[in-house]
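The structure under discussion appears below in the form of structure tokens.
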Amino acid sequence: MELLYLIKYGELSLKGKNRKDFEARLREDIRTRLADLSIRLRQEWGRMYLHPPGGDPAAQSLGKIESTLARTFGIIGFARSYAVAQSMDQIEEAALILAEELIASRGIRFKIEARRSDKSFSLSSYQICCHLGDSLSRHFPELKVDLNRPDWTIQVEVRRRVYIYGPQSRAPGGLPLGASGRGLLLLSGGIDSPVAGYLMGKRGLAMDAVYYHTPPYTSEQAREKVQQLAGILAEYVTGLHLWIVPFTEIQLKINNLARKEATTLLVRAAMMAIADRLARRHGHDCLVTGESLGQVASQTVQSLHFTGSYTGLPLFRPLIGMDKAEIIRAAQEIGTYETSILPYQDCCTLFAPQHPEVRPRIDRMVSVFRSLALEKLISKAVDESELSIAGRAL
Ligand code: ATP
Ligand code: MG
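Count along the sequence shown from 1, then add 85; that gives the number in this note's numbering.
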């Protein structure tokens with residue numbers, strides 16, 4: 086009896102070369118993320134099977150495999166499964182192990198579903214179900230068959246070998262990482278931008294992140310918080326690294342020279358210009374921000390038009406149509422919320438004017454930005470950016 090994971094992946098609409106590319110990237114992503122575990126991956130009929138290392142893998146390895154699969158884009162769901170020979174005794178043995186766990190974790194109402202792709206097996210699907218149902222009820226007298234609303238279902242699939250598995254664990258779905266190229270995410274310490282990164286990752290965009298740091302106005306804790314967020318995001322977005330850009334000189338110059346109402350927007354424009362340069366230098370195909378329409382003064386249509394004009398790259402704002410409540414729910418689900426609400430101040434809140442510009446005139450703002458002559462400082466900031474490895478161990 087062998088323990089393995091059955092992996093189901095999505096985007097059924099993909100065909101031909103796209104599908105092959107999807108599968109190759111998914112395999113590569115899983116292998117990279119579990120590189121220290123010497124797992125084996127096998128693909129068969131639109132499924133993947135992951136074989137854990139060794140004959141009897143440690144619970145810790147299984148925990149790592151499960152938490153990794155649950156965060157792998159492209160996978161819809163997965164299940165711990167037993168593969169046995171075509172023998173009813175062995176099928177029964179595997180089902181008993183699964184049932185014992187499921188009774189403890191989910192309850193006593195159960196159902197068996199069987200499918201027989203290999204018709205040479207002597208029992209029909211219906212006979213397999215009856216046989217297993219009887220045997221489980223004999224071993225665990227508290228069990229009740231419930232075909233309509235079971236607490237859990239055990240699936241039996243008779244192929245060349247027989248696979249027996251319980252309920253699937255959910256994974257995010259979407260496209261495997263890298264299928265849509267590489268982007269650069271503007272990552273602040275707030276709630277929104279990590280969610281934006283997650284959503285783009287789910288569409289197959291591999292990413293690095295950039296954070297604008299304004300010491301001493303923003304504290305070391307604020308930087309650490311962003312690094313921590315980048316680490317959580319890297320649990321989904323494999324290989325995400327964080328650029329930290331020294332931003333104090335630019336922030337101060339804008340503050341000293343510009344009208345107070347315009348500062349936030351000018352700061353955002355400078356951030357966009359720097360991100361554009363960094364992205365082109367390091368081979369990113371697009372930029373991503375956590376902006377959402379109308380959320381704050383710097384995110385009105387006019388404001389977004391102005392700040393967006395400082396990059397010629399495709400600029401994605403995946404939260405554009407989401408409410409704050411929806412964004413918060415998403416942040417809670419992916420695990421960034423608790424870190425995002427830590428109370429360290431960001432430069433933008435610190436320098437924010439009381440009455441920021443809501444509907445700026447683009448031409449006027451562009452000439453104000455030009456008059457600040459930030460070009461040299463922008464180049465310097467790009468040159469002095471530091472790369473930090475965000476990946477946190479799972
Ligand atoms: P929240 O709105 O939850 O405070 P936020 O990340 O959306 O967090 P905003 O002030 O709304 O913060 O900024 C809009 C977008 O600009 C962010 O989503 C982010 O992409 C980018 N941004 C803002 N400040 C920074 C920063 N210091 N470093 C990197 N990107 C930033
Ligand atoms: Mg925001």
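For glycine and all other residues, C-beta sits at the position ideal for the given N, C-alpha and C. Treat the numbers as computed from the prediction; the structure is a model and nothing was measured.
Asked, Found
"So, with DSSP's three-state summary, where would you put ILE124?", "coil"
"Could you check if TYR302 belongs to the surroundings of the ligand ATP, using beta carbon to heavy atom distance under 7 angstroms?", "no"
"Starting from LYS102 and walking both ways along the alpha helix (DSSP H), at which residues does that stretch end?", "101-118"
"Just checking SER278 against the ligand PLP - is the residue's beta carbon closer than 7 angstroms to any of the ligand's heavy atoms?", "The ligand PLP is absent from the structure shown, which contains only the ligand ATP and the ligand MG."
"Specify, as a first and last residue, the run of the alpha helix (DSSP H) that ILE335 falls within.", "333-342"
"Taking the beta carbon of PRO301 as the centre, do at least 16 other beta carbons fall within 10 Å, making it buried, or is it exposed?", "exposed"
"Answer yes or no: do ALA319 and ALA155 have a C-beta to C-beta separation smaller than 8 angstroms?", "no"
"Looking only at C-alpha atoms, which of ARG116, SER123, ASP174 and ILE474 sits nearest to TRP328?", "ILE474"
"Give me the Cβ distance between LEU228 and SER222, rounded to the nearest whole Å; I'm assuming they're in contact under 8 angstroms.", "5 angstroms"
"Excluding sequence positions up to five away, which residues of its chain have a Cβ less than 7 angstroms from the Cβ of LEU385?", "Correcting the residue type first, residue 385 is Thr in the shown sequence and not Leu. Around THR385: GLY379, VAL443 and ARG444."
"Can you tell me which of the three DSSP states ALA478 falls into?", "Confidence at ALA478 is low in this model, with a pLDDT of 37, below 50, so its placement is unreliable and the value that follows should be read with caution. Looking at ALA478 - three-state DSSP - the assignment turns out to be coil, as it is neither helix nor strand."
"Rounded to the nearest angstrom, what separates THR238 and SER152 at their Cα positions?", "22 angstroms"
"For GLY258, does the three-state DSSP call read helix, strand or coil?", "strand"
"Taking the alpha helix (DSSP H) that LEU389 falls in, what are its first and last residues?", "386-393"
"Give every residue of the same chain whose Cβ lies closer than 8 angstroms to the Cβ of ASP361, excluding the five residues on either side of it in the sequence, and list them in chain order.", "LEU372, TYR395, THR396, GLY397 and LEU398"
"Under the DSSP definition of a beta bridge, which residues are partnered with LYS45?", "This structure cannot settle anything about residue 45, because the visible part of the chain is limited to 86 through 479."
"Please return the same chain residues whose Cβ sits closer than 7 angstroms to the Cβ of LEU354, not counting the five positions on each side in sequence.", "Note on residue identity: the sequence assigns Ala, not Leu, to residue 354. Closer than 7 angstroms at the Cβ level, and outside the excluded window around ALA354, lie PHE391, THR392, TYR395 and PHE454."
"Locate the beta strand (DSSP E) running through PHE454, then write down its first and last residues.", "Premise fails: PHE454 lies in the alpha helix (DSSP H), 447-456, not in any beta strand (DSSP E)."
"Only counting the same chain, and skipping five residues up and downstream in sequence, which positions put a Cβ closer than 7 angstroms to that of PRO138?", "LEU122, SER123, ILE124 and SER146"
"With a 10 Å radius around its C-beta and 16 neighbouring C-beta atoms as the bar for buried, classify LEU479 as buried or exposed.", "Note on LEU479: pLDDT 34, under 50, position unreliable in the model; no value is reported."
"Mark LEU462 as exposed unless 16 or more other C-beta atoms lie within 10 angstroms of its C-beta, in which case mark it buried.", "buried"
"Considering only the beta carbon of each residue, do ILE335 and LEU472 sit closer than 8 angstroms?", "no"
"What do you get for GLY282, buried or exposed, if any count of 16 or more other CB atoms within 10 angstroms of its CB means buried?", "buried"
"Among the candidates VAL322, ALA382 and TYR167, whose CA atom is the shortest distance from the CA of MET292?", "VAL322"
"Does the Cβ of LYS204 have 16 or more other Cβ atoms within 10 Å, making it buried, or fewer, making it exposed?", "exposed"
"Is there at least one non-hydrogen atom of the ligand ATP closer than 7 angstroms to the beta-carbon of GLY375?", "yes"
"To the nearest angstrom, how far is it from the Cα of GLY162 to the Cα of LEU389?", "37 angstroms"
"Apart from the five residues on each side of it in sequence, which residues of its chain come closer than 6 angstroms, Cβ to Cβ, to CYS214?", "ILE197 and ALA199"
"In or out: MET407 buried (at least 16 other Cβ within 10 Å) or exposed?", "buried"
"Quickly, what does DSSP pair PHE158 with across the bridge? List them, please.", "GLY258"
"To the nearest angstrom, how far is the alpha carbon of SER278 from that of LEU325?", "14 angstroms"
"By DSSP, does ASP293 sit in helix, in strand, or in coil?", "strand"
"Measuring alpha carbon to alpha carbon, tell me which residue in THR349, LEU284, ARG116 and TYR134 is nearest LEU375.", "Looking at the sequence itself, residue 375 is Gly, so the reference to Leu does not match. Minimum Cα distance to GLY375 is reached at LEU284."
"Could you pull the DSSP bridge partners for MET133 from this structure?", "ILE92 and GLN128"
"Measuring only the C-alpha atoms, how far is ARG402 from LEU269?", "12 angstroms"
"List the whole-angstrom C-beta distance separating ASP114 from GLY266, where the pair is believed to meet the contact cut-off of C-beta under 8 angstroms.", "With a Cβ gap of about 14 angstroms, ASP114 and GLY266 do not count as contacting."
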